Amino acid sequence: MNKNRLVLVLVVTIIFIFGFVIKSKHKQNIRTCEEKPLVIYSVENIGLDDECFENIPTNKLISIICQSDPLDASVDRLEFNSEKNDAANILFSLPRLPDGVVKELSLAVVRESEDIVWRDYAIQFLGLALEKRQTNKSFISSEDELLANNVLTKALEMKEGTLAGTALFALYRANPVDDEIIENALIIVNDSTYSDSSFNAAFLLLEEKAYSGLSSLAMKISTETNRTIFQRNIALAVLNRIENTN
């Protein structure tokens, strides 16, 4: 066998072996998808284009977002929240959101024992549901629309973490012309017991909406001793931007 023919045989053999390994790995992924609990893997690990993930029934995707804790204790909270987020993204890519999703997300928001990061994600998804309904009335039912609105309004009272601020912007994106959004933002900004994150979100929204009393409000907050340094600095930064634009 001459040298060139030997090289050709070796190349073909390597390609065949490589192809066999890839094919076997794909089959293994499908097997894993069918046999292991869904919370063991994530979309990122398998890939959105993987045949096994595309074929997961919606009820199993819903079961992922319903779980407060991973079935596998070795899965950390960050990975678990990421997987629930991935599952929700798949559901929200459908022409119509399956029944029960809005309810489960709503329960997660109001359930204080739920991980606060997932509660924030759930608020964002409820806002997205309302946004999608603006252009696709069949995406969620009128009952789910009412539920999402009510829960997001309730979330405006949640002072911990980013919840109130996230709810504020979720409602704003769903209905940018709603005059109540300024009133809601003012409630958050004027209450020093809200978190810095929500305060910042509310102040930014007032600035974006060009609230007429923003300058005097920022001046007042910048001198209040019951405010955090962060909140006073945000107020001063807004004052500087107002002065630079005048």
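Its first residue numbered 0, the sequence shown is counted upward by one per residue in numbering that gives the first Met the number 0. Ideal Cβ placement from N, Cα and C applies to all residues, glycine included. None of these values were measured; they are calculated from a predicted model.
I233 and N199 have their C-alpha atoms spaced approximately 7 Å apart.
In the three-state reduction of the DSSP assignment, Y171 falls in the helix class. If you check the CB distance, T161 and D119 come in under 8 Å.
Rounded to whole angstroms, the gap between the alpha carbons of S105 and S73 is 27 Å. Take the alpha-carbon of D190 and the one of L213: they are about 15 Å apart. C-alpha of D75 to C-alpha of W117: approximately 13 Å in a straight line. The beta carbon of A169 lies closer than 7 Å to those of I122, Q123, L125, G126, L151 in the same chain, with the five residues before and after it left out. Counting C-beta atoms within 10 angstroms of its own C-beta, S197 has 16 or more neighbours from the protein chains shown and is therefore classed as buried. Boundaries of the alpha helix (DSSP H) around A200: 195-207. Contact check for R95 and F138: beta-carbon distance about 6 Å, within the 8 Å limit, so the pair qualifies. The straight-line gap separating the alpha-carbon atoms of E179 and F202 is approximately 15 Å. With respect to the 8 Å criterion, L60 and L90 are classified as neighbours on the basis of their beta carbons.
When the five nearest sequence neighbours on each side are left out, the beta carbons in the same chain lying within less than 6 Å of the beta carbon of L238 are those of A217, in order along the chain. In this structure, S221 places its C-beta atom within 8 Å of the C-beta atom of L235. A residue is called buried once 16 or more other Cβ atoms fall within 10 Å of its Cβ, and L77, having fewer, is exposed.
By the neighbour-count criterion, in which a residue is buried when 16 or more other Cβ atoms sit within 10 angstroms of its Cβ, A184 is buried. Straight-line spacing of the CA atoms in Y210 and P56 works out to 47 Å.
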